[in-house]
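**Q**
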Amino acid sequence: MPGGIETVDVDEPDRIAAEPTGRTGRTGRTDQGGTTAPRQGSWKPPPLPLRVGTNAAVALCLAMALVHVLLVFLYVAPPNPLSRQYSRQVNAWIFPLFEQNWRLFAPDPESVNRQISARTMHTGPDGRVRVSGWLDLSGVDNSAVRHDVFPSHTAQNMLRRAWSSYLETHGGDDRPRSERALMMQKYLTDIAADRITDHRGGTFESVQLRVITIPIAAPAEGPGPGSSAAAPKSVETRYLPWWKVTSDGN
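The letter at position 228 of the sequence shown is residue 228 when you use UniProt numbering, and the numbering goes up by one with no holes.
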């Protein structure tokens, strides 16, 4: 009306649309320029290189696990064309860290007890050669296992399996004829040197091993006055050559 104030009714939707753009909504906040910023704490996917690297690492671990299971299966399974064809690759993977003392379909029990001892040789500054007494390595392992509810794999099997592998590769003349034989000789030497260093210390340049093999007597055939256990074979003592080690015994 002239000279007065005119009032206009505005609908609710029009009023909401006319509000300033700087108001904060529920899904985000709006800056002064009208750009909607993401809400704080929202999840963002990891970068593409990180996802690719993680997937590649998982795939590699799965592939290595499958290869390990397959090679161990070929090692413990009975001889077959596949295991014979790839025996070199299987042995290279298994020895010396993953060696198994069992077979898939047949047990491999021990029929003898072996006492493995070692001694050292050191040349002093005056040129005199000093040879130590024997250290019973098998006795050290047995002491570590006895009365232990959870004995370690190292105390139970490392020395024994190293000697069994040495026998397989060297036979009875102590002459290595393959790279694996040299590897097992070095492996056995390192075990002896480490055990001597841990229990005696000192400095030495050479190590010698002595192996006393004691057969286990067979059980008696059955009860009765005429039954008796079979007489065990004679005890065998074998001296290995002197092997060089480093000056600190390792």
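The C-beta atom is built at its ideal place from N, Cα and C for all residues, glycine as well.
Can you tell me whether DSSP reads H147 as helix, strand or coil?
**A** coil
**Q** Is T237 a contact residue of the ligand NAD, with contact defined as CB to any heavy atom under 7 Å?
**A** Among the components modelled here there is no ligand, and therefore nothing to report on the ligand NAD.
**Q** For V58 and P81, what's the separation of their Cα atoms in angstroms?
**A** 32 Å
**Q** Tell me which residues share the same chain as A18 and place their Cβ nearer than 7 Å to its Cβ, disregarding the 5 neighbours each side in the sequence.
**A** Interpretation of A18 is limited by its pLDDT of 47, a score under 50 that renders its predicted location unreliable; no figure is taken from the coordinates.
**Q** Note down the Cα distance separating W93 from Q185, rounded to an integer number of angstroms.
**A** 17 Å
**Q** With H, G and I counted as helix, E and B as strand and the rest as coil, what does DSSP make of L240?
**A** coil
**Q** Could you say which of V76, R119 and V112 lies nearest to K244 if we only look at CA atoms?
**A** R119
**Q** At what residues does the alpha helix (DSSP H) containing S117 begin and finish?
**A** Careful: S117 lies outside any alpha helix (DSSP H), inside the beta strand (DSSP E) at V112 to T123.
**Q** Taking only three categories from DSSP, how would you classify L70?
**A** helix
**Q** Assuming P215 is part of the beta strand (DSSP E), what are its boundary residues?
**A** S206 to P215
**Q** How long is the line joining the alpha carbons of F150 and D141, rounded to whole angstroms?
**A** 14 Å
**Q** When burial is assigned at 16 or more other CB atoms within 10 Å of the CB, is A162 buried or exposed?
**A** buried
**Q** Expressed to the nearest angstrom, what Euclidean distance is found between the alpha-carbon atoms of H170 and A181?
**A** 6 Å
**Q** Would Q100 pass as a contact of V76 if the rule is Cβ separation under 8 Å?
**A** yes
**Q** Suppose the cutoff is 8 Å on Cβ atoms and the five residues either side in sequence are ignored; what does the same chain contact list for D174 look like?
**A** L240 and P241
**Q** Using the Cβ count rule (16 or more neighbours within 10 Å means buried), how would you classify V129?
**A** exposed
**Q** Are there 16 or more other CB atoms within 10 angstroms of the CB of I216, so buried, or fewer, so exposed?
**A** exposed
**Q** In whole angstroms, what separates the C-alpha of L209 from that of N55?
**A** 49 Å
**Q** Indicate whether S83 and V90 have their beta-carbon atoms separated by less than 8 Å.
**A** A contact, by the Cβ cut-off of 8 Å.
**Q** Using a Cβ-Cβ cut-off of 6 Å (strictly less than) and excluding sequence neighbours within five positions of T237, which residues of its own chain qualify?
**A** I212
**Q** Roughly how many angstroms separate the alpha carbons of Q156 and P45, rounded to a whole number?
**A** 49 Å
**Q** Within its chain, find whatever has a CB closer than 8 Å to the CB of H199; leave out the 5 residues flanking it on each side and keep chain order.
**A** L135 and V140
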